[in-house]
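Report on the following structure.
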Amino acid sequence: MFDKTLAELAGGLAAGDFSSVELTQSYLERIKAEDPAYNSFITVTEEQALVQARAADEVRAAGKATAFTGLPVAHKDIFCTRGVRTSCASRILDNFIAPYDATLIAKFNEAGAVMLGKTNMDEFAMGSSNESSFYGPARNPWDTDRVPGGSSGGSAAAVAARLAPAATGTDTGGSIRQPAALCGITGIKPTYGRVSRYGMVAFASSLDQAGPMTRTAEDAAMMLNVMAGFDPLDSTCLDREVPDYSLTLNDSLEGLKIGLPKEYFSADLNPAVAEQVQSAVREFEQLGASVREISLPNTALAVPAYYIIAPAEASSNLSRFDGVRYGYRCEDPKDLEDLYKRSRGEGFGDEVKRRIMVGTYALSAGYYDAYYRKAQQVRRLIQQDFVRALSEVDVIMGPTTPQPAFRLGEKTSDPVQMYMEDIYTLALNLAGLPGMSIPCGQTGGLPVGLQIIGDYFNEAKLLNVAHRFQQATDWHTQAPASIKG
1 MFDKTLAELA GGLAAGDFSS VELTQSYLER IKAEDPAYNS FITVTEEQAL VQARAADEVR
61 AAGKATAFTG LPVAHKDIFC TRGVRTSCAS RILDNFIAPY DATLIAKFNE AGAVMLGKTN
121 MDEFAMGSSN ESSFYGPARN PWDTDRVPGG SSGGSAAAVA ARLAPAATGT DTGGSIRQPA
181 ALCGITGIKP TYGRVSRYGM VAFASSLDQA GPMTRTAEDA AMMLNVMAGF DPLDSTCLDR
241 EVPDYSLTLN DSLEGLKIGL PKEYFSADLN PAVAEQVQSA VREFEQLGAS VREISLPNTA
301 LAVPAYYIIA PAEASSNLSR FDGVRYGYRC EDPKDLEDLY KRSRGEGFGD EVKRRIMVGT
361 YALSAGYYDA YYRKAQQVRR LIQQDFVRAL SEVDVIMGPT TPQPAFRLGE KTSDPVQMYM
421 EDIYTLALNL AGLPGMSIPC GQTGGLPVGL QIIGDYFNEA KLLNVAHRFQ QATDWHTQAP
481 ASIKG
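Be aware that the sequence shown starts at 1, since it is given in the UniProt record's numbering, and climbs by one per residue.
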């Protein structure tokens, strides 16, 4: 059963081919046997999962099942989950048991989903490789000596290794799309405000957005149907009608206008990755689309602008973790100042400390105008580039990452080199646009991701474009050699 997509599993449940309990047990057994090689889960909620599965089977027997009843999913360990550890892969929250459910968790519970567990991630979602996790790095199923990407690396690895048919992730600067590309799966970052952030532990509040990580665009549409929608508990969540994303998956691509930014095909791009992306674009032309070159002139400014804005917001958001109210507390503090210093010094990892320091500096009285305000001005220029481009084309395409998955430890000593792994993804978060990554080829036996960017609240078009490509190709069906049947 583990090799079936979410949609196929839903069909099997509806047909009575297997029960939710049987399906859930098979995944739990698989996680127990296979995950030691990947470290994709922080917490496996076996007992809770079986309770939910039995309840789902009862609902189905009563004839009240929905499209999602009894389907197993995994959740990134950044979403508060009542009665379950929510650690953000940090020592400072290692002992934190959430007293409430994030809105996203509540939505999946209401839909009848079964939670398999909480997945590994970069600490507080800060990273591009999953190597900053307090629980050790997750590993890429395509080559366990390589990173799965970050920060949603555990979710990507779990889906790629067939340990879960789908998982949730969060994307602050590419943290759904980049690991999706490196692990050969499908991941979509919705428009900012499309999915509630209530109960999602904040990294950078104006950038964070939750989204699905699946094997196919069809599965991503199913997930987004559950996740999207207005939430009065989140002031940044927009009250806007949500379509059924599954209804337009098969729309024709005849006449689709695709823009290729010339800035995305520079010397920084691995030639083998560029070749696979160009091949995918030619496939879209066969499906009826037209292609033209466009320009996003402020692309090069996305990395420096992001790494001022995101750390500044992190500096503010993470000030709540001080050893006083919850989370890690140092032993035998001498006084309040010692409590703050040692609890945070011992509880946070190096990358989190680095970003807090950068952000605090950028927000300080003498440097606010020179750094933070200037970065926000650049952010507007980047957003305007996309608005202009999307007035001329329907979608923008390019590589998701400049290279395939790199080796564990290869970039940990050079933070700037690590930051450049998100060069093609950061700008979308600054602009608040939706974007997704789908598998479009391989190089050296490692997956290559194609990034598709759309206009605000046009996730349905992205999913349609991705689905038609996946109907015409089989890259999304490819499985890592490490997977055992």
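For each residue, glycine too, the CB sits at the ideal point set by N, CA and C.
Could you tell me the boundaries of the beta strand (DSSP E) in which residue i lies?
| i | result |
| --- | --- |
| T168 | 166 to 170 |
| G117 | 114 to 119 |
| V291 | 290 to 294 |
| F41 | 41 to 44 |
| T214 | 210 to 214 |
| K76 | 72 to 76 |
| T186 | 186 to 189 |
Going by beta-carbon coordinates alone, are residue i and residue j separated by less than 8 Å?
| i | j | result |
| --- | --- | --- |
| G112 | V59 | yes |
| A431 | F386 | yes |
| A405 | D171 | no |
| S279 | G441 | yes |
| T443 | V303 | no |
| T45 | V84 | yes |
| G229 | L256 | no |
| C88 | F124 | yes |
| F2 | R30 | yes |
| T186 | T214 | yes |
| G173 | A310 | yes |
| I396 | G259 | yes |
| S129 | K411 | yes |
| I308 | V393 | no |
| P99 | P148 | no |
| L450 | I438 | yes |
| A160 | M115 | no |
| L433 | T191 | yes |
| A312 | A370 | no |
| Y328 | S343 | yes |
| S90 | G359 | no |
| N95 | N39 | no |
Got a sec, what are the start and stop residues for the alpha helix (DSSP H) residue i sits in?
| i | result |
| --- | --- |
| C183 | 177 to 183 |
| G12 | 6 to 15 |
| K411 | Taken as a continuous stretch (DSSP letters only), K411 belongs to no alpha helix (DSSP H), as it is neither H nor E. |
| G153 | 153 to 160 |
| T400 | Looking at the DSSP string, T400 is not in any alpha helix (DSSP H), and its letter there is neither H nor E. |
| K374 | 374 to 390 |
| T86 | Counting along the chain, T86 falls outside any alpha helix (DSSP H), and DSSP gives it neither H nor E. |
| N109 | 103 to 110 |
| D350 | 350 to 363 |
| L339 | 336 to 347 |
| K32 | 20 to 34 |
| V226 | 217 to 227 |
Assign residue i to one of two classes, buried (16 or more other C-beta atoms within 10 Å of its C-beta) or exposed (fewer than that).
| i | result |
| --- | --- |
| T477 | exposed |
| Q276 | buried |
| K189 | buried |
| E351 | buried |
| P232 | exposed |
| K334 | exposed |
| G117 | buried |
| A181 | buried |
| G199 | buried |
| Y306 | buried |
| L428 | buried |
| G366 | exposed |
| K76 | buried |
| L9 | buried |
| A33 | exposed |
| G345 | exposed |
| M223 | buried |
Using only alpha-carbon positions, find the residue among the options that is nearest to residue i.
| i | options | result |
| --- | --- | --- |
| G323 | V21, T81, I92 | I92 |
| Y340 | D350, R325, E351, R354 | R325 |
| I423 | P402, G136, N250 | P402 |
| K4 | K118, W475, G259, T216 | T216 |
| F108 | L71, E410, S87 | L71 |
| P297 | S266, P311, V291 | S266 |
| E131 | L462, I438, D414, Q470 | D414 |
| L426 | L390, Y371, T299 | T299 |
| G11 | Y192, I97, D219, P148 | D219 |
| N225 | S252, S196, F203, M200 | S196 |
| Y264 | L301, L247, V242 | L301 |
| M126 | P165, E293, I78 | I78 |
| D244 | R292, F469, K461 | K461 |
| N270 | S319, D239, G398, F348 | G398 |
| P480 | A156, S252, L28 | A156 |
| D251 | T473, A466, L9 | A466 |
> What are the complete beta strand (DSSP E) segments, minimum 3 residues, inside the segment 433 to 469?
Replying inline: List check, beta strand (DSSP E) in window: 435 to 443, 446 to 453.
> Curious, which full-length beta strand (DSSP E) runs of at least 3 residues does the segment 232 to 284 contain?
Replying inline: For the segment 232 to 284, whole beta strand (DSSP E) runs of length 3 or above, ordered along the chain, are 257 to 261.
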